[in-house]
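In order, the protein sequences belong to chains A and B. So the first sequence is residues 1 to 353, counted in the numbering used here. So the second sequence is residues 1001 to 1255, counted in the numbering used here. Beta carbons are placed, not taken as given, at the ideal position from N, Cα and C, and that holds for glycine. Computed from a predicted structure; not experimentally measured. Taking it in order: structure first as structure tokens, then the write-up.
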Amino acid sequence: MKKSKFMNLVAVIMLILLAATGCSSGNSAGSTQGAGTDTGKTTTGKLDKVTLQLKWLPQSQFMGYYVAQSKGYYKDAGIDLQIVPGGSDIIPEQQVYNGAANIGVTWVSSLMKYQSKGWGLVQTGQIFQKSAMLLVSKASTGINSPADLKGKKVGSWFGGNEYEIYALLEANGLKKDTDLKLVQQDYTMNQLLKNEIDAASAMTYNEYGLLLESGLKDSDLHVINMNDAGVAMLEDCLFVNSDWIAKNEDLYVRFLKASIKGWAEACADPAAAGKVVFEADKSVSLDHQVYMAKEVAKLVVPKDFDPAKIGYIDPAAIKQTADLAYKYGLLTKPAVISETTVTSKYWEKATAK
Amino acid sequence: MRSKIINLLWPLAFGTVLILAWQFGFLHKILDLKPFQLPIPSEIASTLADNLPKALQDCGVTISGALVGLIIGSLMGFMIATIATFFPKWGYGGMIMVTALNAVPIVALSPIMNLWFSTGMQQKIGVVTVVCMAAMAINAYSGLNNLKPHSLDLMHSVAANKWTIFRKLRLPNSLPYIFTATKINIASSIIAAIISEYFASSTSGLGFGIKDNLRKAEMAMGWSYIVVASLAGVILYCIILLVERDALKWHASQK
């Protein structure tokens, strides 16, 4: 209650700010340039304020936005972008819905859950084309295939991040409640390192790197990749509040265009992008951010993927995510995939030549 | 008697009005919320009914951890207070230590306990123990030392030794203070247990249920866990009140 009240207050303040800046920029633009100033690249007047809610802490997972920010692409598009970090109890869907942020980054499966409960949110871009989720175990534990997870202790972050694991288990004939023990994993890799759990959830770009940084080698680790196991669900996507986008279509397209430019540059030179991210927030270490940037680049622009299509929403991957989410219990009814829940029209405008 | 009934009726009426306002959407209008952000009471109730066995099981996990931690923490707190009473010179240093420990927030304590203990239950008991220790130590110390004027002189005049003074004078005198500490600790032990479950490796317990469901947009399920947690707290508090009434019949506060 307290939090939501506070959020309402924040939302109100932000709305006032938005209204205020919106008016003033409209006035100044009107007096100097007349009508038709909404094509972006506004050199006069104030910038449109936009808030981007990240799913997690400031790190190379979101390098495209940081690169675009540091190169001034948002400013060039007439946008004053504020990047808001996430955290374990900051839920992008709730932040964007109640107006604390305008645009959010979240996992597709999680967004589908909120949409199915009636939250007026719409997916407007897909940054990661592949799932980064791994189940990692020490080679000495002898987990060579998903079937070997039987009787083991397996870690997950839960809160919606467990469904790829559920899908993996059931696709391999294991019952998640009886055949093994699922435990809540913290955001370090200590439980695996201290042998408290046999297999741990890990993102290719973050936790797997932590294991390598702790002195383990690739050969010491066994990895189950969700993409190979055929149970991949889509992760980092962009979404907005349906009411907000109805009024700010042009603004969002400008944001997306600048972001795609940032992502393309970041993926072309991940080492530099990692440095930009580290400079922006000094999170963990430069090495870790560069490692992450290199791994994230593989998800945003996988092999044989045209970099010009960054942000593309692949209907087949969306459908697989929706089907798995329904089949393995995240959704209680099949996801509605329509223009109101996931739309490529802004992406098409942003990438049009 | 009549005033007692009226005293009971007011909060009851207020609660009913609040729940009705919540059920019929007035609350949502005032706070500008949608039912999927704040589920209505009937939905929470039906969700709870559908998931009662699971919720009760999780409640049992949380409450048993809270109670074990409460007992260990209270005993340790009482022991510290006793030592500080018997050996005031250096025992009081221990009291200051405990008070300082009390200032460590639960959210900082939980991940630390996570590092020390491998199972969720041990971790929970560890957090609750630390949280309960201070309130008991401070209250028990007051109870053992804030004696009636001249009562200590009386004991000395009949040549009572330290142990007799403790048993016949200090201990009975400290009882009301101990109950006060227990009442404080009941509430804080449940809070501590629930918060510790946010960080624990275990996937059972009310804390995990609240956090996990609220993140996954299962608001009604999250709220039904919140309802169970509050009910459990109220019931435990009532039990302590009854025990206190029975144990402290002689005390002025119960007359």
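Starting from residue i, trace the beta strand (DSSP E) both ways and give me its first and last residue.
i: residue 49(A); result: 48-53
i: residue 156(A); result: 153-156
i: residue 224(A); result: 221-225
i: residue 182(A); result: 181-184
i: residue 236(A); result: 236-241
i: residue 200(A); result: 199-203
Measuring alpha carbon to alpha carbon, tell me which residue in the options is nearest residue i.
i: residue 1205(B); options: 1225(B), 1004(B) and 1188(B); result: 1225(B)
i: residue 1072(B); options: 1174(B), 1100(B), 1132(B) and 1112(B); result: 1132(B)
i: residue 232(A); options: 70(A), 135(A) and 284(A); result: 135(A)
i: residue 77(A); options: 71(A), 178(A), 114(A) and 254(A); result: 254(A)
i: residue 308(A); options: 195(A), 81(A) and 262(A); result: 262(A)
i: residue 1110(B); options: 1188(B), 1228(B) and 1195(B); result: 1195(B)
i: residue 1044(B); options: 1172(B), 1090(B), 1220(B) and 1030(B); result: 1220(B)
i: residue 1060(B); options: 1233(B), 1031(B), 1154(B) and 1038(B); result: 1233(B)
i: residue 201(A); options: 288(A), 153(A) and 48(A); result: 153(A)
i: residue 1168(B); options: 1178(B), 1154(B) and 1177(B); result: 1154(B)
i: residue 291(A); options: 186(A), 306(A), 310(A) and 269(A); result: 269(A)
i: residue 349(A); options: 340(A), 333(A) and 311(A); result: 311(A)
i: residue 320(A); options: 296(A), 227(A), 293(A) and 332(A); result: 227(A)
i: residue 1107(B); options: 1142(B), 1098(B) and 1127(B); result: 1127(B)
i: residue 343(A); options: 230(A), 221(A) and 124(A); result: 124(A)
i: residue 144(A); options: 190(A), 206(A), 221(A) and 186(A); result: 221(A)
i: residue 176(A); options: 191(A), 194(A) and 147(A); result: 147(A)
i: residue 212(A); options: 138(A), 161(A) and 283(A); result: 138(A)
i: residue 250(A); options: 206(A), 345(A), 121(A) and 203(A); result: 345(A)
i: residue 132(A); options: 173(A), 107(A) and 332(A); result: 107(A)
i: residue 1135(B); options: 1102(B), 1046(B), 1176(B) and 1198(B); result: 1102(B)
i: residue 341(A); options: 47(A), 117(A) and 296(A); result: 117(A)
Check for me: the alpha helix (DSSP H) holding residue i runs from which residue to which?
i: residue 288(A); result: 286-300
i: residue 214(A); result: Looking at the DSSP string, residue 214(A) is not in any alpha helix (DSSP H), and its letter there is neither H nor E.
i: residue 1153(B); result: 1151-1157
i: residue 228(A); result: Run containing residue 228(A): none; DSSP gives neither H nor E here.
i: residue 1007(B); result: 1002-1023
i: residue 1046(B); result: 1041-1050
i: residue 146(A); result: Where residue 146(A) is concerned, there is no enclosing alpha helix (DSSP H), given that its DSSP letter is neither H nor E.
i: residue 304(A); result: No alpha helix (DSSP H) contains residue 304(A), which DSSP labels as neither H nor E.
i: residue 260(A); result: 249-268
i: residue 1028(B); result: 1026-1031
i: residue 171(A); result: 163-171
i: residue 321(A); result: 315-327
i: residue 196(A); result: Element bounds for residue 196(A): n/a, residue is neither H nor E.
I think residue i touches residue j, with their Cβ atoms under 8 Å apart; what is that distance to the nearest whole Å?
i: residue 1083(B); j: residue 1094(B); result: 6 Å
i: residue 104(A); j: residue 96(A); result: 4 Å
i: residue 302(A); j: residue 130(A); result: 5 Å
i: residue 128(A); j: residue 235(A); result: 5 Å
i: residue 351(A); j: residue 224(A); result: About 34 Å; that fails the 8 Å criterion.
i: residue 1119(B); j: residue 182(A); result: Residue 1119(B) to residue 182(A), Cβ: 14 Å. No contact.
i: residue 328(A); j: residue 163(A); result: 6 Å
i: residue 1147(B); j: residue 1185(B); result: Their Cβ separation, rounded to whole angstroms, is 24 Å, which puts residue 1147(B) and residue 1185(B) out of contact at 8 Å.
i: residue 73(A); j: residue 258(A); result: 4 Å
i: residue 49(A); j: residue 1216(B); result: Wrong, their Cβ atoms sit about 31 Å apart, outside the cutoff.
i: residue 122(A); j: residue 214(A); result: About 40 Å separates the two Cβ atoms, so there is no contact after all.
Starting from the beta carbon of residue i, find every residue of chain A whose beta carbon is closer than 8 Å, and list them in chain order.
i: residue 1245(B); result: What residue 1245(B) touches in chain A: nothing, since even the nearest Cβ is about 33 Å away.
i: residue 1212(B); result: 158 and 159
i: residue 1111(B); result: 186
i: residue 1139(B); result: Near residue 1139(B) there are no residues of chain A at all, since even the closest Cβ is about 28 Å away, more than 8 Å.
i: residue 1102(B); result: Near residue 1102(B) there are no residues of chain A at all, since even the closest Cβ is about 23 Å away, more than 8 Å.
i: residue 1114(B); result: 186
Against residue i, what residues of chain B qualify as contacts under a CB-to-CB distance less than 8 Å, listed in chain order?
i: residue 196(A); result: 1118 and 1201
i: residue 318(A); result: Chain B residues near residue 318(A): none, gap ~19 Å exceeds 8 Å.
Residues of chain A with a CB under 9 Å from the CB of residue i: which are they?
i: residue 1208(B); result: 158 and 184
i: residue 1011(B); result: Those within 9 Å of residue 1011(B) in chain A number zero; the least Cβ separation is about 19 Å.
Which residues in chain A sit within 7 Å of residue i, going by Cβ to Cβ distance?
i: residue 1216(B); result: 113, 159 and 160
i: residue 979(B); result: Outside the displayed span of chain B (1001 to 1255) sits residue 979(B), for which this structure offers no information.
So which residues of chain B does residue i contact, with C-beta pairs closer than 9 Å?
i: residue 117(A); result: 1036, 1217, 1218 and 1219
So which residues on chain B does residue i lean against when the C-beta distance must stay under 7 Å?
i: residue 191(A); result: 1201
i: residue 91(A); result: 1215
Entirely enclosed alpha helix (DSSP H) segments - the segment 55-139 of chain A, minimum 4 residues: 63-71, 73-76, 92-97 and 108-116
In chain order, each alpha helix (DSSP H) run of at least 4 residues that lies wholly inside the segment 1117-1145 of chain B: 1120-1145
Unbroken stretches of the alpha helix (DSSP H), 4 residues or longer, contained in the segment 1146-1233 of chain B: 1151-1157, 1171-1199 and 1206-1215
Completely contained alpha helix (DSSP H) runs for the segment 1055-1103 of chain B, where each covers 4 or more residues: 1088-1102
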